[in-house]
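This report refers to the structure that appears directly beneath it.
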Amino acid sequence: MTGLPRTLVVRLDSAGDVLLAGPAIRAVAAGSSHTAVLCGPSGEPAARLLPGVDELLVHDAPWVGLRPPPVSRARTDALIDTLAAGRFDRALVLVSYHQSPLPAALLLKLAGVVWTAADSEDYPGALLDLRHHRAPHRHEVEAALDLARDAGFPLPPGDDGALRVCAPPDTDHLTGPGPYVVLHPGAAVPARAWSAHRAVRAAAALSAAGHRVVVTGGPAEKELTAAVAGDHALDLGGRTDMRQLAGVLARARAAVVGNTGPAHLAAAVGTPVVSLFAPVVPAERWAPYRVPHVLLGDQGAACAGSRARDCPVPGHPCLDAVPDSEVLAALAGLVDAATGRRRDPTPVVPDRSRDTERGASV
Numbered sequence: 016m017t018g019l020p021r022t023l024v025v026r027l028d029s030a031g032d033v034l035l036a037g038p039a040i041r042a043v044a045a046g047s048s049h050t051a052v053l054c055g056p057s058g059e060p061a062a063r064l065l066p067g068v069d070e071l072l073v074h075d076a077p078w079v080g081l082r083p084p085p086v087s088r089a090r091t092d093a094l095i096d097t098l099a100a101g102r103f104d105r106a107l108v109l110v111s112y113h114q115s116p117l118p119a120a121l122l123l124k125l126a127g128v129v130w131t132a133a134d135s136e137d138y139p140g141a142l143l144d145l146r147h148h149r150a151p152h153r154h155e156v157e158a159a160l161d162l163a164r165d166a167g168f169p170l171p172p173g174d175d176g177a178l179r180v181c182a183p184p185d186t187d188h189l190t191g192p193g194p195y196v197v198l199h200p201g202a203a204v205p206a207r208a209w210s211a212h213r214a215v216r217a218a219a220a221l222s223a224a225g226h227r228v229v230v231t232g233g234p235a236e237k238e239l240t241a242a243v244a245g246d247h248a249l250d251l252g253g254r255t256d257m258r259q260l261a262g263v264l265a266r267a268r269a270a271v272v273g274n275t276g277p278a279h280l281a282a283a284v285g286t287p288v289v290s291l292f293a294p295v296v297p298a299e300r301w302a303p304y305r306v307p308h309v310l311l312g313d314q315g316a317a318c319a320g321s322r323a324r325d326c327p328v329p330g331h332p333c334l335d336a337v338p339d340s341e342v343l344a345a346l347a348g349l350v351d352a353a354t355g356r357r358r359d360p361t362p363v364v365p366d367r368s369r370d371t372e373r374g375a376s377v
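Rendered as structure tokens:
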């Protein structure tokens, strides 16, 4: 191989995980002639916001996700053919500490990708050319950057490694003018968010404290956001795509949100986060990254480290027991500290999103 490689980065799970891969993708892009990302359907909207992505491939892999599809020989063959057509010289498979990169690595080898790197505690046989070991207690962002660096893709000079997205749109037509805070009550994993009745109470408390509250959520969460907003807040449930949500978050004074994709999107646009963090996964790995935040929730609760999708403890005490006074105090501290020093959300590498090839679903 002469010159810079054509490189594929694989991150097949959620939108939040794709956002956390953003700094590593920028590092790869700085050292590649062409950078493609292979993601899942839930990660696609986030991948479209990342600087440095030249090509986007989408595959609903049967070994990841909350509702994986059945294994299909035809779909697997189609993916292998698509990857082979990409003529990739190198590939990095990004996974969380509890996931295996080996199913993806096998398909990459079958597609003719010569050199593949990934974190793997499982014996990879001939599937990995760089079997990397994640350092203990590393945040997801830093673990991905470690792998990229050791694969020959350090961050370029001037890139601080923070989360970034391409410049979001103006969303004043959605929110109206004037300061506001965002309350995002939902999460794909219910254990990682307030229960609905607790979020309703929080919206009322925020409004009573003098905050203008904007409630956000996806199309499937419209019933939840309507109940939470009530008469106290503006309901944007189902009214924003990922790019518009980035715009809404970028102009917010702060966001109150669980451990879910919008928390990482807020970090990517420099918005402080009141993080309602259920300890089902460790905060050291998934807390809002490199942005002012306050972590709320009982990190020593009985569910700690369980990776539970639904709260296994009656009453969801780790989050629902957080009093309004703590939420308001955390919000006040973040807003006061942020005054006059908000980070410019402009990406640190050129915005090539308009040139990104249309994502192929395979």
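Heads up, the sequence shown is in this note's numbering, so the first residue is 16 and it goes up one at a time.
Don't be surprised by glycine CBs; every beta carbon is placed ideally from N, CA and C.
Would you say Ala62 and Leu178 are within 8 Å of each other, going by their C-beta atoms? As a working note, residue 62 is residue 47 in the sequence shown. As a working note, residue 178 is residue 163 in the sequence shown. No, they are not a contact pair.
Rounded C-alpha distance that separates Ala223 from Gly55: Along the sequence shown, one-based indexing puts residue 223 at 208. Along the sequence shown, one-based indexing puts residue 55 at 40. Between Ala223 and Gly55, the C-alpha separation is close to 41 Å.
Between Arg367 and Gly67, what straight-line distance do the alpha-carbon atoms span, to the nearest angstrom? On the sequence shown, residue 367 is found 352 positions in, with the first residue counted as 1. On the sequence shown, residue 67 is found 52 positions in, with the first residue counted as 1. In this prediction, Arg367 has a pLDDT of 41, which is less than 50 and means its spatial position is unreliable; nothing more can be read from the coordinates.
In angstroms, rounded to a whole number, what distance separates the CA positions of Asp370 and Asn274? As a first step, residue 370 is located in the sequence shown; it is residue number 355 there, counting from the start. As a first step, residue 274 is located in the sequence shown; it is residue number 259 there, counting from the start. In this prediction, Asp370 has a pLDDT of 43, which is less than 50 and means its spatial position is unreliable; what the coordinates show is noted afterwards. Cα-Cα distance, rounded: 32 Å.
Tell me, which residues are paired with His199 by DSSP? Within the sequence shown, residue 199 is the residue found at index 184, counting from 1. Per DSSP, Val272.
Unbroken beta strand (DSSP E) run spanning Trp130, endpoints: Within the sequence shown, numbered from 1, the residue matching residue 130 stands at position 115. Looking at the DSSP string, the run of the beta strand (DSSP E) that includes Trp130 is Trp130 to Asp134.
Which residues in the same chain as Pro85 place their Cβ atom closer than 7 Å to its Cβ, once the five residues preceding and following it in sequence are excluded? Position 70 of the sequence shown, counted from the first residue, corresponds to residue 85. The answer, listed in chain order, is Pro77.
Got a sec? Which residues, its chain only, sit under 6 Å from Ala393 by beta carbon, not counting five neighbours each side? Residue 393 falls outside the range modelled here, since the chain spans only 16 to 377, and no answer is possible.
Classify Ala141 as buried or exposed, calling it buried when 16 or more other Cβ atoms lie within 10 Å of its own Cβ. Residue numbering aside, residue 141 sits at position 126 when the sequence shown is read from its first letter. Under the 10 Å beta carbon count, Ala141 is surrounded by fewer than 16 other beta carbons and is classified as exposed.
Three-state class that DSSP yields for Ser290 in the structure shown: Taking the first residue of the sequence shown as 1, we reach residue 290 at position 275. Strand at Ser290.
Sheet register partners of His49 (DSSP bridge): In the sequence shown, the residue the question calls residue 49 occupies position 34. Per DSSP, the beta-bridge partners of His49 are Arg21.
Excluding the 5 residues preceding and the 5 following Asp250 in the sequence, name in chain order all residues of the same chain whose CB lies nearer than 6 Å to its CB. Position 235 of the sequence shown holds residue 250. Closer than 6 Å at the Cβ level, and outside the excluded window around Asp250, lie Val230, Thr240, Ala241 and Ala244.
Near Leu310, what residues of its chain come up, given a Cβ to Cβ distance below 8 Å and the 5 sequence neighbours on each side ignored? Along the sequence shown, read from residue 1 onward, the residue named residue 310 stands at position 295. Close CB contacts of Leu310 within its chain, under the 8 Å cut and outside five residues either way in sequence, are with Ser290, Phe292, Ala298 and Ala302 (chain order).
Since Glu70 is in the beta strand (DSSP E), which residue starts that stretch and which ends it? Counting from 1 along the sequence shown, the entry for residue 70 is found at position 55. Residues Glu70 to Val73.
The beta strand (DSSP E) with Asp250 in it runs from where to where? Walking along the sequence shown from the start, residue 250 turns up at place 235. Secondary structure note for Asp250: its beta strand (DSSP E) is the uninterrupted segment Ala248 to Asp250.
Per DSSP, which one or two residues make a beta bridge with His308? Working through the sequence shown from its first residue, we reach residue 308 at position 293. Val288.
For Ser368, does the three-state DSSP call read helix, strand or coil? Position 353 of the sequence shown, counted from the start, is the residue given in the question as residue 368. The pLDDT assigned to Ser368 is 41, lower than 50, so where the model puts this residue is not dependable, and the model offers no usable value.
What residues are listed by DSSP as bridge partners for Asp26? Taking the sequence shown and counting its residues from 1, one reaches residue 26 at position 11. Correcting the residue identity first, residue 26 is Arg in this sequence and not Asp. Note: Arg26 sits in a beta bridge opposite Cys54.
Please confirm whether Ala13 and Val342 have their CB atoms less than 8 Å apart. No answer is possible for residue 13: it lies beyond the span of the chain, which begins at 16 and ends at 377.
Closest by CA to Tyr112, which one among Val271, Arg149 and Ala126? Here residue 112 refers to the residue found at position 97 when the sequence shown is read from its first residue. Nearest C-alpha to Tyr112: Arg149.
Less than 8 Å between the beta carbons of Val13 and Leu107, yes or no? Because the chain here runs from 16 to 377, residue 13 falls outside it and cannot be looked at.
Could you check whether the region 160-169 touches the region 181-197, counting it as contact only if at least three pairs of C-beta atoms, one from each stretch, sit closer than 8 Å? Contact fails: fewer than three Cβ-Cβ distances are below 8 Å.
Taking 8 Å as the threshold (C-beta atoms), are Ala278 and Val196 in contact? The residue you call residue 196 lines up with position 181 of the sequence shown. The residue you call residue 278 lines up with position 263 of the sequence shown. Cβ atoms of Val196 and Ala278: not closer than 8 Å.
Cβ-based neighbour list, Thr22, same chain, cut-off 6 Å, excluding 5 preceding and 5 following: For this step, residue 22 is matched to residue 7 along the sequence shown. Excluding residues within five positions, the ones whose Cβ falls inside 6 Å are Val43, Ser47, Thr50 and Arg105.
Please return the same chain residues whose Cβ sits closer than 7 Å to the Cβ of Asp75, not counting the five positions on each side in sequence. Against the sequence shown, residue 75 aligns to sequence position 60. Sequence-distant partners of Asp75 (beyond 5 residues in either direction) whose C-beta falls short of 7 Å from its own C-beta, in its chain, are Gly55, Pro56 and Pro84.
Is the beta carbon of Ile95 sitting closer than 8 Å to the one on Ala126? By one-based count along the sequence shown, residue 95 stands at place 80. By one-based count along the sequence shown, residue 126 stands at place 111. Their beta carbons are under 8 Å apart, which means Ile95 touches Ala126 by this criterion.
Rounded to a whole number of angstroms, what is the C-alpha to C-alpha distance between His199 and Leu53? Here residue 199 refers to the residue found at position 184 of the sequence shown. Here residue 53 refers to the residue found at position 38 of the sequence shown. About 28 Å.
Pull the bridge partners of Arg105 from the DSSP assignment, please. Working through the sequence shown from its first residue, we reach residue 105 at position 90. Per DSSP, Thr22 and Trp130.
Going by other Cβ atoms of all chains shown within 10 Å of its Cβ, with 16 needed for buried, is Ser87 buried or exposed? Mapped onto the sequence shown, residue 87 falls at position 72. In this structure Ser87 is exposed. Its beta-carbon is surrounded by fewer than 16 other beta-carbon atoms within 10 angstroms.
In whole angstroms, what separates the C-alpha of Ala353 from that of Pro118? To locate residue 353, count along the sequence shown from 1; it is residue 338. To locate residue 118, count along the sequence shown from 1; it is residue 103. Rounded to whole angstroms, Ala353 to Pro118 spans 44 Å at the Cα level.
For Glu155, the nearest candidate out of Gly173, Gln114 and Thr131 (CA to CA): In the sequence shown, residue 155 corresponds to position 140, counting from 1. Looking at the Cα atoms, Gln114 is the closest of the given residues.
Quick check on His147: does DSSP put it in helix, strand or coil? Mapped onto the sequence shown, residue 147 falls at position 132. Of the three classes helix, strand and coil, the one that applies to His147 here is strand, per DSSP.
What's the C-alpha gap between Ala235 and Glu59? Locating residue 235 in the sequence shown gives position 220, counting from the first residue. Locating residue 59 in the sequence shown gives position 44, counting from the first residue. Looking at the backbone, the Cα of Ala235 and that of Glu59 are separated by about 17 Å.
With Thr97 and Val377 assumed to form a contact (beta carbons below 8 Å), what rounded beta-carbon distance in angstroms separates them? One-based indexing of the sequence shown puts residue 97 at position 82. One-based indexing of the sequence shown puts residue 377 at position 362. The beta-carbon separation of Thr97 and Val377, rounded to 4 Å, stays under the 8 Å limit for a contact.
Just to confirm before moving on: does the CB-CB distance between Ala323 and Val288 stay below 8 Å? Counted from its first residue, the sequence shown places residue 323 at position 308. Counted from its first residue, the sequence shown places residue 288 at position 273. When the beta-carbon positions are compared, Ala323 and Val288 stay at least 8 Å from each other.
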